[in-house]
Amino acid sequence: MYPIEITKNSLYNYIGWWLYQIKARTPIMMTLPLGPLHVDSLKEACINRLEELILSGELKKGDHLPSERDLAARLGVSRPVLHEAIVDLAAKGLVTIIPRRGVVINDFRKSGSFAILSSLLSYHNGELAPQLVDSLLSMRILIETETARLASTNASQEQINGLREIIKSEFATNRRDLALLTKLDFEFHLLISIASENLVYPLILNSFKSVYTHFTSAFFVKTAANSLIDEVFGFHKKLVDAFEERQCEKSAEIMRALLIHGEKHLRT
């Protein structure tokens with residue numbers, strides 16, 4: 003290596019050139035919508051892409067993913083970002099990480115968690131296969147009928163009052179404000195699950211939230227122009243009245259009727 007002689011003049015010239023470059027580029031850079039890149043966004047992009055490959059069947063049960071090094075290069079991300087994405091997929095039950103053997107695709111029907119429901123919904127752009135719709139609605143009837151039965155026994159007066167406040171808000175809401183109607187409906191059912199005093203039911207409902215609100219929103223879209231929404235609020239009021247009267251079986255029957263009513267009109 004030859005020594006580089008740095009003179010005062012050459013240093014001044016370099017600094018002057020650099021300041022000119024900054025001055026010249028600043029107006030353009032300031033107008034661009036640039037912000038710091040977040041690893042999470044890259045990780046989510048990796049998760050979404052791999053989920054698509056798995057849920058579409060391009061990656062089948064028992065297939066091995068390429069090595070992290072090769073896969074990261076193909077996806078254009080760093081290995082740490084890819085590894086975090088794979089760990090998330092493993093937590094959902096979509097893949098299994100086997101030390102020294104790589105990553106294997108699972109049969110998500112056997113190993114999947116509730117998180118996969120949201121992935122399925124995203125993959126199908128909001129349209130679910132009929133078999134999955136039937137399964138989800140049947141599960142909801144099974145679980146929420148029992149939460150209503152338990153809530154009729156265990157709900158505190160404060161919780162009952164909270165449910166009545168939600169119903170007041172529902173009746174006061176513009177029937178075309180679908181986002182707020184969906185939000186209030188979820189809050190109503192979540193509070194019932196909490197009032198049941200079963201610690202697991204609220205967790206299931208929260209895990210199910212994105213799919214749950216998808217169905218509820220679709221129902222409100224279909225019924226916004228008629229009186230069916232008010233029928234739902236009527237069911238809610240009858241249900242809370244049954245809670246206050248501590249009528250277990252009546253509460254379960256009303257909840258079941260409410261859910262079947264929603265399912266019937268969702269399918270028409």
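Going by the working numbering, the first residue of the sequence shown is number 3, and it counts up by one from there.
Backbone N, C-alpha and C define an ideal beta-carbon position, used for all residues, glycine too.
Straight-line gap, V223 to F245 (C-alpha atoms, nearest Å): 29 Å
Contact check, L165 vs F190, beta carbons under 8 Å: yes
Integer Cβ distance of G64 from I107, believed to fall under 8 Å: 6 Å
Buried/exposed call for E251, threshold 16 Cβ in 10 Å: exposed
Whether V242 touches I169 by CB criterion (8 Å): Cβ atoms of V242 and I169: closer than 8 Å.
Assigned exposure category for H238 - 16 Cβ within 10 Å defines buried: buried
For T98, three-class secondary structure by DSSP: It is a strand residue.
At least three beta-carbon pairs within less than 8 Å, the stretch 44-53 to the stretch 80-89: yes
Assigned exposure category for S158 - 16 Cβ within 10 Å defines buried: exposed
Classification of K112 by the beta-carbon crowding that lies within 10 angstroms, buried from 16 upward: exposed
Beta carbon of I118 nearer than 8 Å to that of A87: no
Identity of the residue in S140, R177 and D109 nearest S57 by Cα: For the sequence presented, residue 57 should be read as Leu rather than Ser. For L57, the nearest C-alpha among the options comes from D109.
N-terminal and C-terminal residue of the alpha helix (DSSP H) that G264 is part of: C250 to R269
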